[in-house]
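Q:
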Amino acid sequence: MLIGAHVSAAGGVEKAVGRAVDIGAECMQIFASSPRTWRFRPIPESNSDKFRAAAEEASMGPTVLHASYLVAIGSPDPSLAEKSVQSLSDHLQAAEQLGALGLIFHPASHRGKGFDAVFDQFVSNVQKALDASPGDALLMLETSAGSGDHIGSKFEELGRLIKAIDSPRAAVCFDTQHVWAAGYNIADRDGLEATLEEFDREIGLDLLRSVHANDSMRELGSSVDRHDNIGDGLIGEAGFHTIMSHPAFQEVPFYLEVPGAGKSGPDRPNVEALKRIRAATGG
Ligand SMILES: [Zn+2]
Ligand SMILES: [Zn+2]
């Protein structure tokens, strides 16, 4: 398992590589464009070429992109759904251009309509985004913490969506904090076993393609999305030891999305904490 982190791509995607190297990351997650706007700025060819060269030079593991936070692919509002399709397809194309493993997005909210009511639209919108951006880049649905009307805090929902999307490019990003907040006790050996059995039954462990490695500020089942630094939260170092010991995660890249000591995002102490735990598991 490789240990990486979300890093800034400010000033050009190629700059992200040096930032990842600086904190000891073995793989990285970046935003291809600002996550808080709809506007997508295409990446100039010269920047993506530099990115690929720098990543190769640094022997970086798989890069993943994170989609815009505005994406709401199951939204009952047609203009919002349409913008979401366009945004996912733009970012998927960027993933392809950068040679990234894929794009991670939040299934977001059904806005009070209920999961079943937005199901068909969700599926067809994801299919539209995939059709508009041919290639190999995966589109990974992220597990959600389950606050409000958010889709994807139950593996059953993600499994049903992925089966209906019916594409070899559809996969899942497992966020440890979100899964914990959704009520899956992954810090406990038996709880983790039961969680992964359910994941396998509802989705399939072969579709577990990335992990967001975050400790949790909030208690098990809180439904609250609050990431903590590794070892400072309620999953804790022992919990991460349990997670990282499990065979299901051995080939899956881990990406930190933690606040960091200085609140400026994932930093070297967090990367080193995960590396220490990995070493202790014998991995
Ligand atoms: Zn996440
Ligand atoms: Zn989160």
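Quick note: the sequence shown uses the working numbering, first residue 1, plus one each step.
Backbone N, C-alpha and C fix where the C-beta goes; we use that ideal spot for every residue, glycine too.
Could you tell me which of H66, K163, G152 sits nearest to A182, measuring between CA atoms?
A: Taking the first residue of the sequence shown as 1, we reach residue 182 at position 182. Selected option, being the one with the closest Cα: G152.
Q: Between V225 and ligand 2, is there a pair consisting of the residue's CB and a ligand heavy atom that are separated by less than 7 Å?
A: What you label residue 225 is simply residue 225 of the sequence shown in a count that begins at 1. According to the sequence displayed, residue 225 carries Asp and not Val. Answer for D225: yes, Cβ within range of ligand 2.
Q: Pairing CB atoms from the stretch 171–186 with CB atoms from the stretch 208–226, are three or more of them under 8 Å?
A: Judged by Cβ distances under 8 Å, the stretch 171–186 makes contact with the stretch 208–226, as three or more pairs qualify.
Q: Assess contact between the stretch 43–55 and the stretch 80–91, defined as three or more Cβ pairs (one per stretch) separated by less than 8 Å. Is contact present?
A: The answer is no - the stretch 80–91 does not touch the stretch 43–55, with fewer than three Cβ pairs under 8 Å.
Q: In the DSSP assignment, find the unbroken alpha helix (DSSP H) run with E193 in it and report its ends.
A: The residue given as residue 193 occupies position 193 in the sequence shown. Counting along the chain, the alpha helix (DSSP H) containing E193 begins and ends at 189–202.
Q: So does D228 have its beta carbon nearer than 7 Å to some heavy atom of ligand 1?
A: Working through the sequence shown from its first residue, we reach residue 228 at position 228. No.
Q: May I have a chain-ordered list of the beta strand (DSSP E) segments no shorter than 3 residues that lie completely inside the stretch 20–60?
A: Entirely contained in the stretch 20–60, the beta strand (DSSP E) runs reaching 3 residues are, in chain order, 28–30.
Q: Shorter than 7 Å, the distance from the beta carbon of D175 to the closest heavy atom of ligand 2, or not?
A: In the sequence shown, counting from the first residue as 1, residue 175 sits at position 175. Yes, since a heavy atom of ligand 2 falls inside the 7 Å radius drawn around the Cβ of D175.
Q: Do you know how far the Cα of T195 is from the Cα of G236?
A: For this step, residue 236 is matched to residue 236 along the sequence shown. For this step, residue 195 is matched to residue 195 along the sequence shown. So the alpha carbons of these two residues sit roughly 18 Å apart.
Q: What would DSSP say about W1, mapped onto helix, strand or coil?
A: Counting from one through the sequence shown, the residue named residue 1 turns up at place 1. One point to set straight first is that residue 1 is Met, not Trp, in the sequence displayed. If DSSP states are grouped into helix, strand and coil, M1 belongs with coil.
Q: Any chance you could list the alpha helix (DSSP H) runs of at least 4 consecutive residues sitting entirely within the stretch 236–274, in chain order?
A: The qualifying runs are 236–245.
Q: Hey, which unbroken runs of the alpha helix (DSSP H) at 4 residues or more fall wholly within the stretch 84–129?
A: Runs of the alpha helix (DSSP H) inside the stretch 84–129: none found.
Q: V172 and T143: beta carbons closer than 8 Å?
A: For the purposes of this step, residue 172 is identified with residue 172 of the sequence shown, where counting begins at 1. For the purposes of this step, residue 143 is identified with residue 143 of the sequence shown, where counting begins at 1. Cβ distance < 8 Å, so V172 and T143 count as in contact.
Q: Which word fits E157, buried or exposed, when buried means at least 16 other C-beta atoms lie within 10 angstroms of its C-beta?
A: Within the sequence shown, numbered from 1, the residue matching residue 157 stands at position 157. Label assigned to E157: buried.
Q: Which whole-angstrom value is the C-beta distance of N229 and D215, which I expect to be below 8 Å?
A: Locating residue 229 in the sequence shown gives position 229, where the first residue counts as 1. Locating residue 215 in the sequence shown gives position 215, where the first residue counts as 1. So it is a contact: roughly 6 Å between Cβ atoms.
Q: Figure out for me which residue from G231, M217, H212 has the closest Cα to the Cα of V252.
A: Along the sequence shown, read from residue 1 onward, the residue named residue 252 stands at position 252. Of the candidates G231, M217, H212, the one whose C-alpha sits nearest the C-alpha of V252 is H212.
Q: So, with DSSP's three-state summary, where would you put D228?
A: For this step, residue 228 is matched to residue 228 along the sequence shown. Strand.
Q: Under the criterion of a Cβ to heavy atom distance below 7 Å, does H212 qualify as lining ligand 1?
A: Sequence index remark: in the sequence shown, residue 212 carries index 212 (1-based). Yes.
Q: Would you report the Cα separation of L138 and A261, rounded to the nearest angstrom?
A: The sequence position of residue 138 within the sequence shown is 138, counting from 1. The sequence position of residue 261 within the sequence shown is 261, counting from 1. Cα to Cα, the separation comes out at about 32 Å.
Q: Determine the extent of the alpha helix (DSSP H) in which A164 is found, giving its start and end residues.
A: Working through the sequence shown from its first residue, we reach residue 164 at position 164. 155–165 is the span of the alpha helix (DSSP H), which, as asked, contains A164.
Q: DSSP on D206, reduced to helix/strand/coil?
A: Mapped onto the sequence shown, residue 206 falls at position 206. Here D206 sits in helix by DSSP.
Q: If we count the other Cβ atoms within 10 Å of its Cβ and call it buried at 16 or more, is Q250 buried or exposed?
A: Numbered from its first residue, the sequence shown carries residue 250 at position 250. Per the 10 Å Cβ criterion, exposed.
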